[in-house]
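Participant: Protein chains in written order, with our numbering: chain W, 5 to 638; chain F, 35 to 425. Virtual Cβ for every residue (Gly too), placed ideally from N, Cα, C.
1. What is the DSSP secondary structure of residue 640 of chain W, counted as helix, strand or coil?
2. DSSP on residue 118 of chain F, reduced to helix/strand/coil?
3. Could you give the distance in angstroms between the alpha-carbon of residue 153 of chain F and the alpha-carbon of residue 394 of chain F?
4. Rounded to whole angstroms, what's the CA-CA distance from residue 181 of chain W to residue 93 of chain W? Just pull it up for me.
5. Taking C-beta pairs closer than 8 angstroms, name the residues in chain W that residue 56 of chain F reaches, listed in chain order.
6. Taking residue 491 of chain W as the reference, give the member of W:154, W:470 and W:420 with the closest Cα.
7. Do residue 268 of chain F and residue 299 of chain F come within 8 angstroms of each other at the CB atom, strictly closer than that value?
8. Drop a sphere of 10 angstroms on the beta-carbon of residue 97 of chain F, count the other beta-carbons inside from all chains shown, and report buried for 16 or more, exposed for fewer.
9. Have a look at W:621, W:506 and W:224 and flag the residue whose alpha-carbon is nearest the alpha-carbon of residue 444 of chain W.
10. Please state the DSSP three-state secondary structure of residue 579 of chain W.
11. Just mark residue 368 of chain W as buried or exposed, buried being the case when its beta carbon has 16 or more other beta carbons within 10 Å.
12. At a CB-CB cut-off below 7 angstroms, which residues of chain F make contact with residue 56 of chain W?
13. Straight-line CA distance for residue 40 of chain W to residue 328 of chain W?
14. Can you round the beta-carbon distance between residue 35 of chain W and residue 269 of chain W to whole angstroms, since I take them to be within the 8 angstroms contact cut?
15. Any C-beta of chain W sitting closer than 8 angstroms to the C-beta of residue 89 of chain F?
16. Any idea which residues DSSP pairs residue 122 of chain W with across the strands?
17. Using a beta-carbon distance below 8 angstroms, is residue 229 of chain F in contact with chain W?
18. Given a cut-off of 8 angstroms, decide if residue 65 of chain W and residue 13 of chain W are closer than it, judged by their beta-carbon atoms.
19. If you measure beta-carbon to beta-carbon, which residues of the segment 410 to 425 of chain F are closer than 9 angstroms to chain W?
20. Buried or exposed for residue 246 of chain W, going by 16 or more other Cβ atoms inside 10 Å?
21. Assuming residue 234 of chain W and residue 218 of chain W are in contact, meaning their beta carbons sit under 8 angstroms apart, how far apart are those beta carbons, in whole angstroms?
22. Just to check my reading of the structure: residue 346 of chain F and residue 339 of chain F have Cβ atoms closer than 8 angstroms, yes? What is that Cβ distance to the nearest angstrom?
23. Under 8 angstroms between C-beta atoms, does residue 45 of chain F make it to chain W?
24. Quick check on residue 410 of chain W: buried or exposed, where buried means 16 or more other Cβ atoms within 10 Å of its Cβ?
25. Whose C-alpha, out of W:11, W:102 and W:554, is nearest the C-alpha of residue 158 of chain W?
26. Could one say the Cβ of residue 572 of chain W lies closer than 8 angstroms to chain A's Cβ atoms, at least one of them?
27. Going by CA-CA distance only, name the one from W:87, W:117 and W:257 that's closest to residue 175 of chain W.
28. Residues of chain W with CB closer than 9 angstroms to the CB of residue 163 of chain F, please, in chain order.
29. DSSP three-state call for residue 290 of chain F: helix, strand or coil?
30. With contact counted as at least three CB pairs below 8 angstroms, one residue from each stretch, are the segment 451 to 460 of chain W and the segment 382 to 400 of chain W in contact?
31. Mind checking if residue 569 of chain W is an interface residue toward chain F, Cβ cutoff 8 angstroms exclusive?
32. Tell me which residue opens and which closes the beta strand (DSSP E) that residue 605 of chain W is part of.
33. Short of 7 angstroms Cβ to Cβ, which residues in the segment 169 to 198 of chain F face chain W?
34. In three-state DSSP terms, what is residue 536 of chain W?
35. Report yes if the C-beta distance between residue 315 of chain W and residue 371 of chain W is below 8 angstroms; otherwise report no.
36. Count the other CB atoms, across all protein chains shown, that sit within 10 Å of the CB of residue 607 of chain W; report buried if there are 16 or more and exposed otherwise.
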C-alpha cells in the first residue's frame, strides 16, 4: 500500500513535468528554434524574438498560444512567423481577446461564447472602434471597465500592426515575394534619385519618372520607420553595447546618407521569401547565417539570448504552480487517510516544486543580470518562493503536513498573481535610475519581500487554525499548540525581516535623497507590517490575547501586508512608483473582506467551535459560571 | 500614583498605542492623495491630534463626506510610546542576558524616535540648480519664502536683509534688521494668481509704488496647493516705513523673480531692492558644475544614470575639492549633503537637493542596536525551540 501511494504521487508529478517539457517542443521542417533566438533590442536589452512573440501574444490574448479556427495550436514563435511573413494568414487567427464583446455595441461582431477574434473579424469595425476610442476618458486610471476594454482593443490593434511591420515592409503577395528585388532596385535608385532631387531643387531639368520612383521609396520607408516596432538591426561592428539598434525602416532610410545597408535587412527579406515559398532548406540556411553573424558581432550575448529562449519554453513557474496544487490536494487527502505516506510523498514533491521555482528565479536573475526582485511581477514570484522555503523548514520540524499544505497554497496563489501581472507585457524590464542599485535591490528589497512571505504564510496557518477549529471535529489541543508555535515562529521571522528591510530602505532613501524617512506610502506600508508584528508579539508576551486572539491578529497581518504590497501602489502618490497598477482594485477589496470574515470567525464564541479543542475551551469557560451558579443555589 | 505608573508601564497600553499608530499611518497614507506628502506629514505625524474626513472626491464621497474620525497624532503617540517604554523598563525589566535582546531593540527604538523628532525640527532641505560651466553659492527652499531688502551699493558684495514670509501677518509692523526701515504687511496671500489688468477689469490695487503700479498688475487670491508638482505663488502688499514716514506700498510675489526689473525702495542715503522670494541659504563656498551626464538605456527613453561632476571652491582654500555626484552617491560636505535630484534646460542644468540634517547618523546607530537586539532575541528563542525539538 505504502509503495502504491508513493508511486501515484510521484507518477502525477512526473506527468506534470513531462507535460511541461513536451509542450516546449515544436515539430516543423523550419528551424524554428534558431529563428526564435534571433536578436532584437527591447527596453535596453538584447532579447530573442521568442520573448517578443510571447509578450505580444500575452498582451493581445492573455495566453502564450494561438488556437486557429481549425483547432490547430500554434506556439508564439509560429504565430510571429506568420504575422510578419504571411500576414494574410495571420489576419485570420483569433488573437484579440475581448472579454465582453456584447458590451461594445458593435452590431454583428459578438458571437455566442466567442472570446477571441481575428484581425479580419475586427476590420469591418475599425472606424467605429476608433470613433469609440476618441470618446473615452483620456486619463487611463479613471476609465470604466467598458472604456478600458475599448482602449485595450485599440492599443492591441496598433501593436499588432506595428509588430507585423517589424522585419520588412508589408504589402500584398507580389511585394512580399520579391523583397530582395525591391531592396536591390531601391539601392540602385538612390544615387541617381539624389541627383535628380538636387536638380529639381536647383530648378534644373530633371527626370520625373526616376525622381518619382525614388520619392515613392523614401516615403514608404519613412512611414515604415515610424511603424516598425522592433529594433532588429544591430549597428555595424565593432559594437558598442550602449548604441541604439535601428528598426528596419530607419536602416533603409539611412542608406540614403551613404551608409551601407545592413546584411540583417536583406537576410530577413530572403528569410521571408523562403518561408513564403515553403523552402525549409533555404530558410534554415538563412537563419543560420543570421545567427552566425550575430554570434560574431555579439560573442558575449548569444548564450544569454539562447538561455532566455529555453527559459521561455520551459515555463518553470507554470510547472511549479501545477505541482503546488498536487501537494495541497495530497496533504488534504492525507489528513483523511494514509497520513504518514501521503504527507511524506507530498513533502518530497514540495521540495521538487521548490527547486523548479528556484530554477526559474535564478534564471530570471541571470537573464536580467539583477537581484531577484525588480518589479511587482518578480516580487510576486519571490513572495511565493519565500513562503515555500519557510514551509519546507516548518515541515522539517513538525512533520504533520500543515507547513507543506499552507506553503503550497501561498506558493500557488502568488504565482497566479504573478501570472496575471505578466499580462501587461515584458516582466524583465530595465530599472529607472534611482532604483538602479544592485546592492540595495539585493538587500532592502529582497529582505522586505521575504518579510511579506513570512507574514502571508503565518496568515495562512492562522486561517487553517480557525477553519479546522471551528468546522473540523478532530482538531485537538496538540494540533492547536503546534499551529500556534508555527505562527509565532513565522511571525518572529517576518517581523525581523520587515524591520531590517524597512530600516535598510530608510538608509537607501537617506543615500539617494537625503531623507531617512519620508512618510511615502510604500514606506508607511512597510512600517505598518512591522507594527503589526510588534502588536502580535507584545500581545503574546503580555498574555493580552490567547490563541484565538493571536490567530485573529495573524489574519489581520494578511490585510496589512496586502495593503503594503498592492494597496499602496494603487494610490496615485509617492516615490515608489515602480509597480503602479490601475486594476486589481476589486481583487484587493475582495481579499480584505475575506480576511475580515475569517477574523470574525476566529472571534466566534467557543460554543460555536465544533472541534475537540473548541469544546474543551467552552467547558473551561463555562466552569466558573457553573460553580458560581451552584454557589448561589446553595 | 502607583496605579498611574502601572498604567503607563503596562503592555496593554503598548498594544493600544501600537494599534493606534497603525490606524494613524493608514489614514496618513490615504490622505496623501488629497493633501500631498508634505501637508499630510504635518497634519498626521507632526501633530498631537488629527481628524480624518472622508474625502469628497472618493467613490461615494458626496454621501459619506460627513464621516469624521479623530485620532491622536504622531507627536502624541510617539511621546506616549516613549513614556510607556521608559516606564516599562523602570518598572519591570531587570538587566539580564536573557533580556539583552529586548533591551537593545528598545534602546534602538528610542533613538529612532528621537532622531525622527530631531529631523522634523532641525533638518533643512533646499535645492541648488547649477548650469554647466556656471557656479552657485546658495540653495533655495521650495516651500518657504522670505521678504528681502538688498543693498547693492558695495562694489564687491551685496548685503541681504531677510524676513521669513511666515512673519508677514497683516497689520504687524516689523523692523528690517540693520536698516533704518520697518515694514507693515497690508495683505498676505499664501497662493494667488497674478496678471496684468485688462481693459475690462478694474485695475484697482492697494499698491502705490513699484511694478504693480507701473505695469498694472492685479492679484486674485487662490487656495493653497499641496501638490508636489505645483508651487504656491506667495504674494503680499507691504508698506515700507522709514522712521514714522510711509514710503509707499509695494506688491511683492515669488513669481516676480529675476525676469522682472528690480523694485527699488529709496530710503534717502541708501536704496534697497525689495523682493519676495524662495528662502535662500548662502554658503561660504561655491559649487561649479563641470559636466552633467544623463544616460539612457539603448533604444529607450529610460534613464539609467544621472551624474554631475562638480568642483567646490571654499573661502578657506584648504577645503577645496572635486566630486562626482550621482544616484545613491551624494556629496557630504561641511555638514551638508548634496544629492543628484533633477535636471533641466536640455541636460545643461543640474539640480541638487541640499540637505542639512545634524542628526543624520542617529538612524544608522539605532538600526545597529535594533538589528543586534533582534538577532539576539529571536536567536535565543530559536535555539530554545531547537533544543525542545531535539528532546
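Facilitator: In brief:
1. This structure gives no information on residue 640 of chain W, because the portion of chain W shown stretches from 5 to 638.
2. To locate residue 118 of chain F, count along the second chain from 1; it is residue 84. In this structure, residue 118 of chain F counts as helix in the three-state DSSP scheme.
3. The residue given as residue 153 of chain F occupies position 119 in the second chain. The residue given as residue 394 of chain F occupies position 360 in the second chain. If I take the Cα positions, the gap works out to 8 angstroms.
4. In the first chain, the residue the question calls residue 181 of chain W occupies position 177. In the first chain, the residue the question calls residue 93 of chain W occupies position 89. Distance between the alpha carbons of residue 181 of chain W and residue 93 of chain W: 15 angstroms.
5. On the second chain, residue 56 of chain F is found 22 positions in, with the first residue counted as 1. Neighbours of residue 56 of chain F on chain W, chain order: 532, 535, 536, 539 and 564.
6. The residue you call residue 491 of chain W lines up with position 487 of the first chain. Looking at the Cα atoms, W:470 is the closest of the given residues.
7. To locate residue 299 of chain F, count along the second chain from 1; it is residue 265. To locate residue 268 of chain F, count along the second chain from 1; it is residue 234. Not a contact, by the Cβ cut-off of 8 angstroms.
8. Position 63 of the second chain holds residue 97 of chain F. By the neighbour-count rule (16 or more Cβ atoms within 10 Å), residue 97 of chain F is not buried but exposed.
9. Here residue 444 of chain W corresponds to residue number 440 of the first chain, with the count starting at 1. Checking every option, the nearest Cα to that of residue 444 of chain W belongs to W:506.
10. The count along the first chain starts at 1 and reaches residue 579 of chain W at position 575. The predicted model places residue 579 of chain W with a pLDDT of 45, which falls under 50 and marks its position as unreliable; any figure quoted below should be read in that light. DSSP places residue 579 of chain W in coil when its eight states are reduced to three.
11. Your numbering for residue 368 of chain W matches position 364 in the first chain. Buried.
12. Start at 1 with the first residue of the first chain, and residue 56 of chain W comes out as number 52. What residue 56 of chain W touches in chain F: nothing, since even the nearest Cβ is about 13 angstroms away.
13. What you label residue 40 of chain W is simply residue 36 of the first chain in a count that begins at 1. What you label residue 328 of chain W is simply residue 324 of the first chain in a count that begins at 1. Rounded to whole angstroms, the gap between the alpha carbons of residue 40 of chain W and residue 328 of chain W is 30 angstroms.
14. Numbered from 1 along the first chain, position 31 holds the residue referred to as residue 35 of chain W. Numbered from 1 along the first chain, position 265 holds the residue referred to as residue 269 of chain W. Actually they do not touch by this definition, with Cβ atoms about 20 angstroms apart.
15. As a working mapping, residue 89 of chain F is identified with position 55 in the second chain. Closer than 8 angstroms: no.
16. Here the question's residue 122 of chain W lines up with position 118 in the first chain. Looking at the DSSP assignment, residue 122 of chain W forms a beta bridge with W:98.
17. Counting from one through the second chain, the residue named residue 229 of chain F turns up at place 195. The beta-carbon of residue 229 of chain F is placed no less than 8 angstroms from the nearest beta-carbon of chain W.
18. Locating residue 13 of chain W in the first chain gives position 9, where the first residue counts as 1. Locating residue 65 of chain W in the first chain gives position 61, where the first residue counts as 1. Not a contact, by the Cβ cut-off of 8 angstroms.
19. 411, 412, 415, 416, 419, 420 and 423
20. Numbered from its first residue, the first chain carries residue 246 of chain W at position 242. Exposed is the call here.
21. Here the question's residue 234 of chain W lines up with position 230 in the first chain. Here the question's residue 218 of chain W lines up with position 214 in the first chain. So it is not a contact: roughly 27 angstroms between Cβ atoms.
22. Residue mapping note: residue 346 of chain F aligns to position 312 of the second chain, counting from 1. Residue mapping note: residue 339 of chain F aligns to position 305 of the second chain, counting from 1. Cβ atoms of residue 346 of chain F and residue 339 of chain F stay farther apart than 8 angstroms, at about 22 angstroms.
23. Taking the second chain and counting its residues from 1, the one referred to as residue 45 of chain F is at position 11. At least one chain W Cβ lies under 8 angstroms of residue 45 of chain F.
24. Against the first chain, residue 410 of chain W aligns to sequence position 406. The residue is buried, with at least 16 neighbouring Cβ atoms inside 10 Å.
25. Position 154 of the first chain holds residue 158 of chain W. Ranking W:11, W:102 and W:554 by Cα distance to residue 158 of chain W puts W:102 first.
26. Looking for chain A here will not work: the only protein chains present are W and F.
27. By 1-based counting over the first chain, the position of residue 175 of chain W is 171. Residue 175 of chain W has its Cα closest to that of W:87, out of W:87, W:117 and W:257.
28. The sequence position of residue 163 of chain F within the second chain is 129, counting from 1. Correct list: empty, because the minimum Cβ distance to chain W is about 16 angstroms.
29. Taking the first residue of the second chain as position 1, residue 290 of chain F is located at position 256. Reduced to three states, the DSSP call for residue 290 of chain F is coil.
30. yes
31. The sequence position of residue 569 of chain W within the first chain is 565, counting from 1. The beta-carbon of residue 569 of chain W is placed no less than 8 angstroms from the nearest beta-carbon of chain F.
32. Position 601 of the first chain holds residue 605 of chain W. First-last for residue 605 of chain W: 589 to 606, but that is the alpha helix (DSSP H), not the beta strand (DSSP E).
33. none
34. On the first chain, residue 536 of chain W is found 532 positions in, with the first residue counted as 1. In the structure shown, residue 536 of chain W sits in a helix (DSSP, three-state: H, G or I).
35. Your numbering for residue 315 of chain W matches position 311 in the first chain. Your numbering for residue 371 of chain W matches position 367 in the first chain. Contact: yes.
36. Within the first chain, the letter at position 603 stands for residue 607 of chain W. Its Cβ having fewer than 16 others within 10 Å, residue 607 of chain W is exposed.
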